[in-house]
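In what follows, a single structure is set out as structure tokens and then discussed.
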Amino acid sequence: MKSSLLKLTKAANQQPINQELGEVVVSIRDVDFSYAPGERQILSGLNMEFRRGQVVAVMGGSGCGKTTILRLIGGQYRAQSGEVLFEGDDIGRMSSAKLMTARRRMGMLFQFGALFTDLSVFENVAFPLREHTNLNEELLRALVLLKLNAVGLRGARDLMPSQISGGMARRVALARAIALDPPLIMYDEPFAGLDPISLGITARLIRDLNEALGATSLLVTHDIEETFAIADYVYFIANGHIGAEGTPEELSRSDDPFVRQFLDASPDGPVPFHYPGISLENDFGLAFDRQGQ
Ligand SMILES: Nc1ncnc2c1ncn2[C@@H]1O[C@H](COP(=O)(O)OP(=O)(O)O)[C@@H](O)[C@H]1O
Ligand SMILES: [Mg+2]
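For the sequence shown, the positions run -3 to 289 when our numbering is used.
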């Protein structure tokens, strides 16, 4: 792994997108979920698969349940029915000890995930290694520098978070998420708030890190263009389950109205622009006029 990460920094940025089917790392089967009994069902009959070597994007409107899916995989919440399998084991049925071990094999870049502001760039990346391993300082230093090198920030190791740009901070967060070489990396809106150049760099890094680690990346995002450039497979969530799925090529060619509304950013389509309510005619007392004409 070390050598592949080193190679990464020298390699050209253009790896072919991975079309080969690796083994299933995460499998979501018929999952129903609501946050509390009697509350709105967030997910219903959800089925998804995430395979080794792939970058898989999960897209959909705000509040459709994307972060919730990551929480179910991370075991922060349990599905009321169905299964969430990680490397073949049901996350929802694991003992807390087993869940801790499983979580160590998942890297997570949280939505709005901030760095520890009182720790240097180096110490931010070292944090998970200090928490979860007993490496001596020399080995720890080598690993941290390798990770920082992979995101192009080895030279920034001694800076504090307040001294670096937003784009650099996101890359440090990326290095921290992969510190333990997780086979599964989950990114919750990693592009939010980035300028177009930082966004492009971050997207490319997500692809390249996945390649170098031989991992599986699950990418929750709204940015269609950047995502379609790096993803092997895309799920669109609507109404608690998969509204559409396919490779970026398949989805780009699709004439499914739901896919088109999303890709063309149209305000109206299967996902309505108007919050349900009484009709415009009734609100303005025009129903009679219409009928009378
Ligand atoms: N901890 C929680 N308790 C209750 N409801 C929640 C909680 N977290 C999120 N929700 C609700 O669940 C729905 C899905 O949320 P979320 O998964 O965060 O959506 P997304 O990430 O797609 O924007 C939203 O309606 C949200 O308000
Ligand atoms: Mg979210």
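In this text, a Cβ means the ideal position worked out from N, Cα and C, and glycines have one as well.
DSSP-derived helix/strand/coil call for residue i
i	result
THR243	coil
ASN130	coil
ASN278	helix
PHE106	coil
VAL54	strand
MET164	helix
THR113	coil
GLY210	coil
SER250	coil
GLU119	helix
Residue i CB to nearest heavy atom of ligand 1 below 7 angstroms
i	result
GLY70	no
TYR31	yes
SER58	yes
GLY148	no
Cutoff 6 angstroms; reference residue i; Cβ partners in own chain excluding five residues on either side
i	result
GLN11	Note that GLN11 scores 44 on pLDDT, short of 50, meaning its location in the model is unreliable; the coordinates nonetheless yield the value given after this. Excluding sequence neighbours, GLN11 sits near GLU207.
ALA98	PHE82
GLY242	none
beta-carbon residue i near ligand 2 non-hydrogen atom, thresh 7 angstroms
i	result
GLN37	no
THR63	yes
GLN76	no
GLU19	no
ASP184	yes
GLN159	no
ALA50	It should be pointed out that residue 50 corresponds to Gln in this sequence rather than to Ala. Checking the Cβ of GLN50 against ligand 2 gives no.
Proximal residues to residue i (C-beta, below 8 angstroms), its chain only, five neighbours per side dropped
i	result
THR63	GLN107, ASP184 and VAL216
ILE38	PHE29, SER30, TYR31, GLY61, THR64 and GLY236
Expected contact under 8 angstroms - CB spacing of residue i and residue j to nearest Å
i	j	result
VAL80	VAL27	6 angstroms
GLY49	THR212	7 angstroms
ASN225	ALA199	Contrary to the premise, residue 225 reads as Ala rather than Asn in this sequence. That pair is a contact at about 7 angstroms.
ARG166	SER194	7 angstroms
PHE232	MET96	About 33 angstroms; that fails the 8 angstroms criterion.
LEU131	ALA175	Contact doesn't hold; Cβ gap of about 11 angstroms is too wide.
For residue i, the residue or residues it bridges with in DSSP
i	result
MET156	DSSP lists no partner for MET156.
MET96	Its beta-bridge partners do not exist; DSSP assigns none.
GLN37	SER30
ALA234	HIS237
Residues of its chain near residue i, where Cβ-Cβ distance is below 7 angstroms and the 5 sequence neighbours each way are ignored
i	result
GLU133	none
Residue-chain proximity (residue i, chain D), Cβ-Cβ < 8 angstroms
i	result
GLY56	Going by chain labels, chain D is absent from the structure shown, which holds only one protein chain.
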